[in-house]
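In my numbering, the protein residues as written are 110 to 188. Virtual Cβ for every residue (Gly too), placed ideally from N, Cα, C.
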Amino acid sequence: MQSIECTASIDEQGQLRLDQPLNIGKHDRVRVIVLLGEDELPEDESDESIADGLRRSLQEFREGQVIPLANLWDGIDVE
């Protein structure tokens, strides 16, 4: 299963309205998880800056510029 994170609003009828269209197959069924409250976007961070960060992260992943999760905390307790 693939996950896609995006922002959305709830309209007057209680319908979920995505801020940007999803670039996936038309008429596909999807599972939706709605997070409320504390996970709201900071006021100074635009959708475009978030999208730019995601594009950079994906490019770094493609180029192998990643730290394996098992190594993420290596050396953190060294003083």
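Which listed residue (the options) has its alpha carbon closest to that of residue i
i, options, result
"ARG140", "ALA179, GLN111 and ARG164", "GLN111"
"THR116", "LEU145, SER166 and ARG171", "LEU145"
Sequence-distant residues of its chain with Cβ nearer than 8 angstroms to residue i (five each side left out)
i, result
"ILE113", "LEU131 and ILE133"
"ARG138", "none"
"GLN119", "The question names Gln, yet the displayed sequence has Ile at residue 119. Taken in chain order, the residues that qualify are LEU125 and ARG126."
Distance CB(residue i)-CB(residue j) smaller than 7 angstroms
i, j, result
"ASP128", "ASP156", "yes"
Nonlocal neighbours in the same chain, by C-beta distance under 7 angstroms from residue i, ignoring five residues either side
i, result
"GLU169", "VAL175"
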